[in-house]
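Given below as structure tokens:
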């Protein structure tokens, strides 16, 4: 079976006053049916833009998808007409946004916002759509759904709103859900609930997921595979377990050192990633992480390392010294 | 996770009524208590609308009939507000004038408002070149004071009630479009518009169903102010002889011509239509202010 989603050499650029920003610069990855893939990276690494590119929601101008292919279920999304693309959005691919506070329309009832999608994509009549909405609210664990249907977003808590967003995303039985930092705006306790909910629902319904996050804890627990992005490129990709325990790229290693770990002896201090993210308008031909990398050598400034297989199966890294790093870790 | 706890089921029944939409009467009563001035404004507007609507039954005399035996009579029990220089009953003309004022006022305000609303939101939604060009066109229109632009339009289309409505509608469009666009720009940046795009909704649906309802609050406030402005503009145009034409009763017309000449000998001819204009415009202004306070969701009780 071919993968559900296959992104090939995707390039998305923004023309800004400061110059051309290659927000997504040759990204390729696949998502299998029913699989959860995490895209990790710091702000400005191109992880959100990459996700929005899949749905072709990049505002043009200033943004533009310049090249690449996005094969979803056998069709190249980049060659679809706008009306065809509209049918894909919301029906085949659902999206959950970062801010549940502002991603729901304040003047429409919860029920209306769910039924609207059903009416748009499935031509459901009012009654059918309302029954389905009720079912969806129950499914995402909202108590007293009948009452909630008639309420407005401001009457719901953040966690409940995010549950509603998930219900809307699932409304038309999509094959893929893209969740753009779905828990960033929520309390820590609620974050876990929402992630558990998404995990159990996607597993039950066989929906594939792309979770975009900068939270490595989320990755470890909920994703089967991880793409680590830096400056618009994937610098490391592989099974979550491998990335977590045997990182092969200095950036991933630095990221892992910068978060508190419960599975390691407690350190006195966290070790932040030094320096600033690079200015995407003035990248040179070398590795973009080089200025912040403690393993950088002369060669890193000359050519950009390609994403290549490491000794692990299915584990890719874009670093000249990934083999050395692996050996070093074994020695240590 | 999906199980409903028993407690929530029992509480649902009582909560259901608590969350039910407030009744119309309750809403109106609450408005009157919190905004007494606005309520007074609303009552005046209601009275004027009723007067205009029921003019045929309310007016004791034909407003267009000259009666030279009763010229310039001071107010008395037969002609409660007196008569003008042609012997026409001023009260009857005021009542019929209310009809003209309301038709022109609401017609122009709603017309200009709705066109401005749609253009303003569309402009903000699409942005880019469309927005830029549209805004420059508005700039040109806004460069003319309302009454000057209305005068220009009237001189092109000619006078009469319908043309006056058009003449006032046109200068109101940019005034509405500008304000609505500003609100819509803010709405455009809120993620639910992107979320609507991500759900596969078309532009028309997003503009009409997702953006316009979110700018309705400033729009309604604007609209109430526009009615007052339009009535004033109509009175001005009529006063200048470029609005509604004699013998159609209109407040501006009643102030026109010989009303000035008789200001000392028969002041009621000018005073009552003048008062009618002032009170009406004031009423719309008071109501509009109160509406703004009432509609603001931050002040609304849940």
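Protein chains in written order, with the numbering used here: chain A, 1 to 332; chain B, 333 to 634.
Each residue gets a CB set at the ideal place from its N, CA and C atoms; glycine is no exception.
Bear in mind that the values here come from a model prediction, so they are computed numbers and not experimental data.
Alpha carbon of residue i to alpha carbon of residue j, nearest angstrom
{"i": "residue 325 of chain A", "j": "residue 252 of chain A", "result": "12 Å"}
{"i": "residue 173 of chain A", "j": "residue 357 of chain B", "result": "43 Å"}
{"i": "residue 285 of chain B", "j": "residue 620 of chain B", "result": "Residue 285 of chain B falls outside the range modelled here, since chain B spans only 333 to 634, and no answer is possible."}
{"i": "residue 488 of chain B", "j": "residue 505 of chain B", "result": "18 Å"}
{"i": "residue 341 of chain B", "j": "residue 23 of chain A", "result": "Low local confidence applies: a pLDDT of 41 at residue 341 of chain B is under 50, so the model's placement there is unreliable, and no value is given."}
{"i": "residue 486 of chain B", "j": "residue 556 of chain B", "result": "24 Å"}
{"i": "residue 221 of chain A", "j": "residue 366 of chain B", "result": "53 Å"}
{"i": "residue 296 of chain B", "j": "residue 605 of chain B", "result": "The structure shown does not extend to residue 296 of chain B, since chain B spans only 333 to 634, so no value can be given for it."}
{"i": "residue 61 of chain A", "j": "residue 14 of chain A", "result": "8 Å"}
{"i": "residue 17 of chain A", "j": "residue 497 of chain B", "result": "46 Å"}
{"i": "residue 625 of chain B", "j": "residue 514 of chain B", "result": "19 Å"}
{"i": "residue 34 of chain A", "j": "residue 194 of chain A", "result": "18 Å"}
{"i": "residue 5 of chain A", "j": "residue 179 of chain A", "result": "15 Å"}
{"i": "residue 523 of chain B", "j": "residue 448 of chain B", "result": "24 Å"}
{"i": "residue 381 of chain B", "j": "residue 613 of chain B", "result": "13 Å"}
{"i": "residue 285 of chain A", "j": "residue 8 of chain A", "result": "21 Å"}
{"i": "residue 228 of chain A", "j": "residue 142 of chain A", "result": "34 Å"}
{"i": "residue 463 of chain B", "j": "residue 548 of chain B", "result": "20 Å"}
{"i": "residue 123 of chain A", "j": "residue 105 of chain A", "result": "21 Å"}
{"i": "residue 615 of chain B", "j": "residue 585 of chain B", "result": "21 Å"}
{"i": "residue 111 of chain A", "j": "residue 411 of chain B", "result": "59 Å"}
{"i": "residue 181 of chain A", "j": "residue 101 of chain A", "result": "13 Å"}
{"i": "residue 54 of chain A", "j": "residue 85 of chain A", "result": "10 Å"}
{"i": "residue 127 of chain A", "j": "residue 119 of chain A", "result": "10 Å"}
{"i": "residue 529 of chain B", "j": "residue 277 of chain A", "result": "30 Å"}
Contacts that residue i makes with chain A (C-beta to C-beta distance below 7 Å)
{"i": "residue 638 of chain B", "result": "What is shown of chain B runs 333 to 634, which leaves residue 638 of chain B out entirely."}
{"i": "residue 648 of chain B", "result": "The question about residue 648 of chain B has no answer, for chain B in this structure spans 333 to 634."}
{"i": "residue 530 of chain B", "result": "55, 57, 89, 90, 95"}
{"i": "residue 542 of chain B", "result": "105"}
Exposure label - residue i; buried when at least 16 CB within 10 Å
{"i": "residue 1 of chain A", "result": "exposed"}
{"i": "residue 93 of chain A", "result": "buried"}
{"i": "residue 47 of chain A", "result": "buried"}
{"i": "residue 303 of chain A", "result": "exposed"}
{"i": "residue 370 of chain B", "result": "buried"}
{"i": "residue 368 of chain B", "result": "exposed"}
{"i": "residue 133 of chain A", "result": "buried"}
{"i": "residue 189 of chain A", "result": "exposed"}
{"i": "residue 600 of chain B", "result": "buried"}
{"i": "residue 437 of chain B", "result": "buried"}
{"i": "residue 175 of chain A", "result": "buried"}
{"i": "residue 305 of chain A", "result": "buried"}
Beta-carbon proximity list for residue i, same chain, < 6 Å, skipping 5 on both sides
{"i": "residue 609 of chain B", "result": "567, 583"}
{"i": "residue 81 of chain A", "result": "none"}
{"i": "residue 232 of chain A", "result": "22, 23, 24, 25, 46"}
{"i": "residue 427 of chain B", "result": "383, 387, 390, 391"}
{"i": "residue 423 of chain B", "result": "412, 413"}
{"i": "residue 249 of chain A", "result": "235, 236, 317, 319"}
{"i": "residue 363 of chain B", "result": "626"}
Contact set between residue i and chain B, taken where Cβ atoms lie within less than 9 Å
{"i": "residue 295 of chain A", "result": "Per Cβ cutoff of 9 Å: no residues; residue 295 of chain A is ~39 Å from chain B at best."}
{"i": "residue 168 of chain A", "result": "527, 531"}
Residues near residue i by beta carbon distance below 7 Å, same chain, minus five either side
{"i": "residue 230 of chain A", "result": "41, 45, 251, 288, 289"}
{"i": "residue 454 of chain B", "result": "539"}
{"i": "residue 623 of chain B", "result": "370, 552, 553, 556"}
{"i": "residue 273 of chain B", "result": "In the structure displayed, chain B extends from 333 to 634; residue 273 of chain B sits before or after that span and is not available."}
{"i": "residue 3 of chain A", "result": "30, 31, 32"}
{"i": "residue 425 of chain B", "result": "395, 581, 586"}
Residue i: contacting residues in chain B (beta-carbon distance under 7 Å)
{"i": "residue 61 of chain A", "result": "460"}
{"i": "residue 117 of chain A", "result": "531"}
{"i": "residue 35 of chain A", "result": "Ordered by position in chain B, no residue passes the 7 Å Cβ test against residue 35 of chain A, which lies about 21 Å from the chain."}
Cross-chain neighbours of residue i in chain A, by beta carbon under 9 Å
{"i": "residue 407 of chain B", "result": "Under the 9 Å cutoff, chain A gives no residues; its nearest Cβ is about 50 Å from residue 407 of chain B."}
Beta-carbon neighbours of residue i, restricted to chain A and to distances below 8 Å
{"i": "residue 546 of chain B", "result": "105, 106, 107"}
Proximal chain B residues relative to residue i, where beta-carbon distance stays under 8 Å
{"i": "residue 99 of chain A", "result": "523"}
{"i": "residue 86 of chain A", "result": "532, 533, 534"}
Close-in-space but distant-in-sequence residues of the same chain around residue i (CB under 8 Å, 5 per side omitted)
{"i": "residue 480 of chain B", "result": "none"}
{"i": "residue 197 of chain A", "result": "140, 141, 163, 166"}
{"i": "residue 336 of chain B", "result": "Residue placement at residue 336 of chain B cannot be trusted, given a pLDDT of 43 that sits under 50; the coordinates are not used to answer."}
{"i": "residue 19 of chain A", "result": "281, 282"}
Cβ-heavy atom distance, residue i to the ligand MG, below 7 Å
{"i": "residue 505 of chain B", "result": "Absence of the ligand MG is noted for the structure shown, with no ligands found whatsoever."}
For a minimum of 3 consecutive residues, which ranges assigned as the beta strand (DSSP E) are wholly contained in the stretch 152–232 of chain A?
176–180, 208–213, 225–230
Restricting to runs no shorter than 4 residues, where is the alpha helix (DSSP H) found entirely within the stretch 81–125 of chain A?
As for any alpha helix (DSSP H) of minimum length 4 sitting wholly inside the stretch 81–125 of chain A, the runs are 82–88, 110–122, ordered along the chain.
Taking only runs of the alpha helix (DSSP H) that begin and end inside the stretch 534–604 of chain B, which ones reach a length of at least 4 residues, in chain order?
548–571, 583–587, 590–593
Could you pull out every unbroken alpha helix (DSSP H) segment of at least 4 residues lying fully inside the stretch 429–516 of chain B, listed in chain order?
460–474, 478–489
Quick one: which unbroken alpha helix (DSSP H) runs of 4-plus residues sit fully inside the stretch 18–61 of chain A? Chain order, please.
47–54
Would you mind listing the beta strand (DSSP E) stretches within the stretch 270–296 of chain A that are 3+ residues and don't spill past its ends, in chain order?
none
At what residue ranges does the stretch 354–408 of chain B contain a whole run of the alpha helix (DSSP H), taking only runs of 4 or more?
You should have 356–366, 368–385, 387–390.
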